[in-house]
Amino acid sequence: MAELRIILLVIHIVAVGLWIGQEGVTFALGRLIQGAAGKPQELTLMSAQLAAASFMGGMAGPIVLLTGLGLIWVDGYGLLGIGGRFTPTWLMLKQIVYIILLVIVFGLITPRAKQYQQAAAAAGASGGTVTPEVRALWTQARTIGLIHSALVLLNVILAVWKPV
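Using our numbering, read the sequence shown as starting at 97 and increasing by one per residue.
Okay, here's the thing in structure tokens:
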């Protein structure tokens, strides 16, 4: 079981690194987007930024979930204190934050991404310049993405610190 725990923990940490790495990628592309403001490549860069973040989050999120559940099982903890198994406070907080992250992804990020893709496709077909609708949807997606990343960082802090 000790070997399985190490394997799950390493995969979990790598996936979390990929998840946090989204912000590095979006920051770098964000700088390029600022430099391309009003130019035809701005729309392409915005779409690339959201596609990269979606890809990285889409890979990392499920891996974090599955390895996290595996670690809970290996360590003998409970899920949200359900079923009579002990769940430390720090772990329960992490689990609650993960549920909030799932709500954000499926309730806010995914619908906005679909709206953005439709608006960006329409803007691309009509000259390729960023429309106010595209800019508003992209800004919303980035704001929600920052909140998402802050919650991921909170979970990392809880995992390392393990208060109470």
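Backbone N, C-alpha and C define an ideal beta-carbon position, used for all residues, glycine too.
Checklist entry - K190: buried (16+ other C-beta within 10 angstroms of its C-beta) or exposed? => result In the sequence shown, residue 190 corresponds to position 94, counting from 1. Flag for K190 reads buried.
Item to check | In chain order, each alpha helix (DSSP H) run of at least 4 residues that lies wholly inside the region 166–202 | outcome: Runs found: 185–200.
Next on the checklist: Could you compute how far the alpha carbon of G220 sits from the alpha carbon of L128?
Outcome noted: Along the sequence shown, one-based indexing puts residue 220 at 124. Along the sequence shown, one-based indexing puts residue 128 at 32. In a straight line, the C-alpha of G220 is about 19 Å away from that of L128.
Item to check | Span separating the alpha-carbon of K258 from that of L141 | outcome: Along the sequence shown, one-based indexing puts residue 258 at 162. Along the sequence shown, one-based indexing puts residue 141 at 45. Using only the alpha carbons, I get a separation of about 39 Å.
Next on the checklist: Which residue marks the beginning of the alpha helix (DSSP H) containing P228, and which one marks its end?
Outcome noted: Taking the first residue of the sequence shown as 1, we reach residue 228 at position 132. Boundaries of the alpha helix (DSSP H) around P228: P228 to W257.
Item to check | For T239 and E138, the rounded distance between their alpha carbons | outcome: Mapped onto the sequence shown, residue 138 falls at position 42. Mapped onto the sequence shown, residue 239 falls at position 143. Those two C-alpha atoms are separated by around 18 Å.
Checklist entry - If we call anything under 9 Å between Cβ atoms a contact, is A185 one with G174? => result Taking the first residue of the sequence shown as position 1, residue 185 is located at position 89. Taking the first residue of the sequence shown as position 1, residue 174 is located at position 78. Residue identity differs from the one stated: residue 185 is Thr in this sequence, not Ala. Annotated as distal: T185 and G174, with beta-carbon spacing of 9 Å or more.
Checklist entry - Looking at the structure shown, is V260 part of a helix, part of a strand, or coil, going by DSSP? => result One-based indexing of the sequence shown puts residue 260 at position 164. Reduced to three states, the DSSP call for V260 is coil.
Checklist entry - Which residues in the same chain have their Cβ closer than 8 Å to the Cβ of V121, if we skip the five residues on either side of it in sequence? => result Taking the sequence shown and counting its residues from 1, the one referred to as residue 121 is at position 25. Excluding positions up to five away in sequence, the list reads Q145, A148, A149 and M152.
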